[in-house]
Amino acid sequence: MTDGCGAPEQTATLPASVDIEKETVLNGKVTADGVAVGGAYVRLLDASGEFTAEVVSSPDGDFRFFAAPGSWTVRALHRSGNGETKVTADGPGLHPVAVSVG
Amino acid sequence: MSREDVLVTAEWAEENLETAGVVFVEVDEDTSAYDGGHIPGAVKIDWKTELQDPVRRDFVDRAGFEKLLSAKGIGNDDKVVLYGGNNNWFAAYAYWYFKLYGHQNVQLLDGGRKKWELDGRQLSKDSVTRDATEYKAQEQDPAIRAFRDEVVEAISAKNLVDVRSPDEFSGKLLAPAHLPQEQAQRAGHIPSAINVPWSKAANEDGTFRSSDELRELYKEAGIDEGKATIAYCRIGERSSHTWFALHELLGYSDVKNYDGSWTEYGSLVGVPVEIGPGAK
Chain A
0 MTDGCGAPEQ TATLPASVDI EKETVLNGKV TADGVAVGGA YVRLLDASGE FTAEVVSSPD
60 GDFRFFAAPG SWTVRALHRS GNGETKVTAD GPGLHPVAVS VG
Chain B
0 MSREDVLVTA EWAEENLETA GVVFVEVDED TSAYDGGHIP GAVKIDWKTE LQDPVRRDFV
60 DRAGFEKLLS AKGIGNDDKV VLYGGNNNWF AAYAYWYFKL YGHQNVQLLD GGRKKWELDG
120 RQLSKDSVTR DATEYKAQEQ DPAIRAFRDE VVEAISAKNL VDVRSPDEFS GKLLAPAHLP
180 QEQAQRAGHI PSAINVPWSK AANEDGTFRS SDELRELYKE AGIDEGKATI AYCRIGERSS
240 HTWFALHELL GYSDVKNYDG SWTEYGSLVG VPVEIGPGAK
């Protein structure tokens with residue numbers, strides 16, 4: 000069966016099938032006043048501010064993108080407010096990101 | 000056709016949750032969002048298990064579509080309002096699919112699930128059952144679905160609109176950035192295609208841009224309004240979103256969605272592939 004392009008379940012731990020020697024992974028959490036925010040719409044924007052991908056944060060606020068090396072902006076939308084943060088990935092591996100909203 | 004014929008606002012939806020003859024349907028690849036709370040009264044369609052053939056790569060056939068809609072309690076005379084996550088990609092795909100099988104009275108909820116949630120509107124966990132119907136579908140409408148040979152012939156002859164992200168178009172990535180990148184097909188795009196990412200047709204909250212903005216967007220990207228158009232992406236849902244913008248919102252007469260998209264084209268032996276940012 001063909002898989003679509005929908006976002007998979009967002010978890011803090013990477014699936015075993017992901018090879019972080021090859022993948023550039025931006026992994027992070029959405030919070031408001033230090034408390035995890037689930038159900039936020041997390042958008043990955045490239046260096047020019049152009050939309051690249053979007054996922055919904057897990058109940059624990061977790062999200063993940065498989066990007067490429069470079070500069071990115073991670074922007075989160077939630078009914079309680081929006082927020083964004085910048086991250087630079089210099090190569091493959093796991094790159095932590097924290098976004099606060101409100 | 001006007002915008003109001005094909006799109007409904009969240010306000011309209013909220014006021015018509017209990018209107019007879021209106022059926023709300025949530026469509027997504029992963030229906031766990033529906034199970035956690037859906038628009039009150041909405042039924043769900045699972046894009047993956049209910050709209051796709053379980054063995055071959057194709058849609059459910061006409062009889063399968065009739066069986067599905069009958070079981071969901073959707074009648075031929077119902078107004079169907081589709082919405083979903085992922086910026087309505089799968090809802091737009093289902094919209095195209097309803098049109099393909101001849102259901103004309105169908106609309107998209109502008110902004111889909113995202114706008115509904117960001118507005119803080121009501122969600123329900125109640126299970127929804129509707130009385131079964133005897134739904135009758137039409138033969139597939141070939142005017143809105145493109146197949147691979149037609150796409151190869153369209154190179155430099157028709158508008159080819161690649162709606163993937165610039166990095167997928169250029170060949171830097173093989174899938175959207177929320178998915179792992181290990182894929183079988185070659186990277187790149189169909190020669191002569193223009194790259195207008197689907198996301199440019201949408202606002203941040205998931206609603207469609209105005210028709211003036213959309214017309215300007217595609218014109219500036221180099222679309223020739225005098226020619227037929229084929230939209231494609233990786234698998235056919237993001238391009239359904241753009242097909243909706245071009246065919247339903249802007250009213251371009253000859254627009255097809257190539258649901259085989261890059262996962263098919265990028266696996267074909269011997270066809271031309273272009274890499275890099277494209278001509279434009």
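In order, the protein sequences belong to chains A and B.
Quick note on numbering: numbering that gives the first Met the number 0 labels position 91 of the first sequence as 90, and the sequence is numbered without any gaps.
Quick note on numbering: numbering that gives the first Met the number 0 labels position 27 of the second sequence as 26, and the sequence is numbered without any gaps.
Built from N, CA and C at the ideal position, the CB exists for glycine as well.
These numbers were taken from a predicted model, which means no experiment stands behind them.
Neighbour list for S239 of chain B in chain A, Cβ cutoff strictly below 9 Å:
Against the second sequence, residue 239 of chain B aligns to sequence position 240. Neighbours of S239 of chain B on chain A: none; closest Cβ ~11 Å, over 9 Å.
At a Cβ threshold of 8 Å, is L76 of chain A touching chain B?
Numbered from its first residue, the first sequence carries residue 76 of chain A at position 77. Taking Cβ atoms only, chain B reaches closer than 8 Å to L76 of chain A, which makes this a yes.
Leaving out the 5 sequence neighbours to the left and right, which residues in its chain are closer than 8 Å to D223 of chain B when beta-carbon positions are compared?
Position 224 of the second sequence, counting from 1, holds the residue named residue 223 of chain B. Cβ within range, chain order: N158.
Please say whether V254 of chain B and L248 of chain B have beta carbons closer to each other than 8 Å?
As a position in the second sequence, residue 248 of chain B is number 249, starting the count at 1. As a position in the second sequence, residue 254 of chain B is number 255, starting the count at 1. Not in contact: L248 of chain B and V254 of chain B (Cβ atoms no closer than 8 Å).
Is any beta-carbon of chain B found at less than 8 Å from that of S57 of chain A?
Counting from 1 along the first sequence, the entry for residue 57 of chain A is found at position 58. No, S57 of chain A lies away from the interface with chain B (no Cβ there is under 8 Å from its Cβ).
What in chain A is Cβ-close to A176 of chain B, meaning under 7 Å?
Indexing the second sequence from 1 puts residue 176 of chain B at position 177. The answer, in chain order, is L43, T51, A52, F64, F65, A66.
What's the C-alpha gap between Y92 of chain B and D32 of chain A?
Working through the second sequence from its first residue, we reach residue 92 of chain B at position 93. Working through the first sequence from its first residue, we reach residue 32 of chain A at position 33. About 38 Å.
With L81 of chain B and V54 of chain B assumed to form a contact (beta carbons below 8 Å), what rounded beta-carbon distance in angstroms separates them?
Sequence index remark: in the second sequence, residue 81 of chain B carries index 82 (1-based). Sequence index remark: in the second sequence, residue 54 of chain B carries index 55 (1-based). Rounded, the Cβ-Cβ distance is 26 Å, inconsistent with contact.
P271 of chain B (DSSP reduced to helix, strand or coil):
Within the second sequence, the letter at position 272 stands for residue 271 of chain B. In the structure shown, P271 of chain B sits in coil (DSSP, three-state: anything other than H, G, I, E or B).
Out of curiosity, what's the CA-to-CA distance linking S296 of chain B and S69 of chain B?
Residue 296 of chain B is absent from the structure shown; chain B starts at 0 and stops at 279.
Tell whether a beta-carbon distance below 8 Å holds between E203 of chain B and W88 of chain B.
Here residue 203 of chain B refers to the residue found at position 204 when the second sequence is read from its first residue. Here residue 88 of chain B refers to the residue found at position 89 when the second sequence is read from its first residue. The answer is no: Cβ separation not under 8 Å.
For the stretch 106–124 of chain B, which residues have a CB atom closer than 8 Å to at least one CB atom of chain A, in sequence order?
K113, E116, L117, D118, G119
Per-residue DSSP class, three states only, for G90 of chain A
The residue you call residue 90 of chain A lines up with position 91 of the first sequence. G90 of chain A falls in the coil class under three-state DSSP.
On a CA-only basis, which of B:K199, B:Y33, B:G205 is nearest E219 of chain B? Give me that one, please.
Taking the first residue of the second sequence as 1, we reach residue 219 of chain B at position 220. When each option's Cα is compared against that of E219 of chain B, the closest is B:K199.
With which residues is P196 of chain B paired in a DSSP beta bridge?
Here residue 196 of chain B is taken as the residue at index 197 of the second sequence, counted from 1. None, per the DSSP bridge assignment.
Extract the residue ranges of the beta strand (DSSP E) inside the stretch 88–141 of chain B, only unbroken runs of 3 or more that lie entirely within it.
105–108
Sequence ranges, alpha helix (DSSP H) only - wholly within the stretch 47–71 of chain B, length at least 4:
61–71
Where M0 of chain A sits in the DSSP three-state scheme:
For the purposes of this step, residue 0 of chain A is identified with residue 1 of the first sequence, where counting begins at 1. Below a pLDDT of 50, predicted positions are generally treated as unreliable, and M0 of chain A, at 44, falls in that range; no measurement from the model is reported.
Chain-ordered chain A contacts of I193 of chain B [CB-CB under 7 Å]
Residue 193 of chain B sits at position 194 when you count from the first residue of the second sequence. In chain order: nothing, as chain A lies at least about 15 Å away.
How many Å lie between V151 of chain B and E273 of chain B at the Cα?
The count along the second sequence starts at 1 and reaches residue 151 of chain B at position 152. The count along the second sequence starts at 1 and reaches residue 273 of chain B at position 274. Going from the Cα of V151 of chain B to the Cα of E273 of chain B covers about 13 Å.
Using the C-alpha atoms, what's the distance from C4 of chain A back to T48 of chain B?
Counting from 1 along the second sequence, the entry for residue 48 of chain B is found at position 49. Counting from 1 along the first sequence, the entry for residue 4 of chain A is found at position 5. The alpha-carbon atoms of T48 of chain B and C4 of chain A are separated by roughly 15 Å.
Taking all protein chains shown into account, do 16 or more other C-beta atoms lie within 10 angstroms of the C-beta of D34 of chain B, making it buried, or fewer, making it exposed?
Here residue 34 of chain B refers to the residue found at position 35 of the second sequence. Its Cβ having fewer than 16 others within 10 Å, D34 of chain B is exposed.
is_contact[A35 of chain A, chain B] using C-beta, thresh 8 Å
Against the first sequence, residue 35 of chain A aligns to sequence position 36. Judged by the 8 Å Cβ criterion, A35 of chain A is not in contact with chain B.
Count the other CB atoms, across all protein chains shown, that sit within 10 Å of the CB of D57 of chain B; report buried if there are 16 or more and exposed otherwise.
Residue mapping note: residue 57 of chain B aligns to position 58 of the second sequence, counting from 1. It is exposed - the Cβ of D57 of chain B has fewer than 16 other Cβ atoms within 10 Å.
Can you name the start and end residues of the beta strand (DSSP E) that V36 of chain A belongs to?
Your numbering for residue 36 of chain A matches position 37 in the first sequence. Looking at the DSSP string, V36 of chain A is not in any beta strand (DSSP E), and its letter there is neither H nor E.
What would DSSP say about N202 of chain B, mapped onto helix, strand or coil?
Locating residue 202 of chain B in the second sequence gives position 203, where the first residue counts as 1. Of the three classes helix, strand and coil, the one that applies to N202 of chain B here is coil, per DSSP.
Are the C-beta of G170 of chain B and some C-beta of chain A separated by less than 8 Å?
Here residue 170 of chain B corresponds to residue number 171 of the second sequence, with the count starting at 1. Taking Cβ atoms only, chain A never reaches closer than 8 Å to G170 of chain B, which makes this a no.
Can you find a CB in chain B that lies within less than 8 Å of the CB of A6 of chain A?
If you number the first sequence from 1, residue 6 of chain A lands on position 7. Yes, contact with chain B.
C-alpha gap between G90 of chain A and T23 of chain A, whole angstroms:
For the purposes of this step, residue 90 of chain A is identified with residue 91 of the first sequence, where counting begins at 1. For the purposes of this step, residue 23 of chain A is identified with residue 24 of the first sequence, where counting begins at 1. Rounded to whole angstroms, G90 of chain A to T23 of chain A spans 6 Å at the Cα level.
8 Å CB neighbourhood of M0 of chain A in its chain, flanking five on each side removed
Indexing the first sequence from 1 puts residue 0 of chain A at position 1. Confidence in M0 of chain A is poor, its pLDDT being 44 and thus under 50, which makes the residue's placement unreliable; the coordinate value appears in the next sentence. Here the set comprises nothing.
Assuming the contact rule is C-beta atoms closer than 8 Å, Q9 of chain A and S56 of chain A should be a hit. Round their C-beta distance to whole Å, please.
In the first sequence, counting from the first residue as 1, residue 9 of chain A sits at position 10. In the first sequence, counting from the first residue as 1, residue 56 of chain A sits at position 57. Contact holds; Cβ gap of about 6 Å.
Which same chain residues, not among the five before or five after V100 of chain A, have their C-beta less than 7 Å away from its C-beta?
Position 101 of the first sequence holds residue 100 of chain A. Once the five neighbours on either side are set aside, the close Cβ partners of V100 of chain A are V29, A31, V36, A39, A75, H77, S79, G80, N81, G82.
Excluding sequence positions up to five away, which residues of its chain have a Cβ less than 6 Å from the Cβ of R185 of chain B?
Taking the first residue of the second sequence as 1, we reach residue 185 of chain B at position 186. Excluding sequence neighbours, R185 of chain B sits near G265, V272.
Determine, using beta carbons only, whether E28 of chain B comes closer than 8 Å to chain A.
Here residue 28 of chain B corresponds to residue number 29 of the second sequence, with the count starting at 1. Judged by the 8 Å Cβ criterion, E28 of chain B is in contact with chain A.
Check the Cβ of S198 of chain B against every Cβ in chain A and list those closer than 7 Å, keeping chain order.
Against the second sequence, residue 198 of chain B aligns to sequence position 199. What S198 of chain B touches in chain A: F50.
Do the stretch 58–68 of chain B and the stretch 116–127 of chain B meet, that is, are 3 or more Cβ pairs less than 8 Å apart?
no
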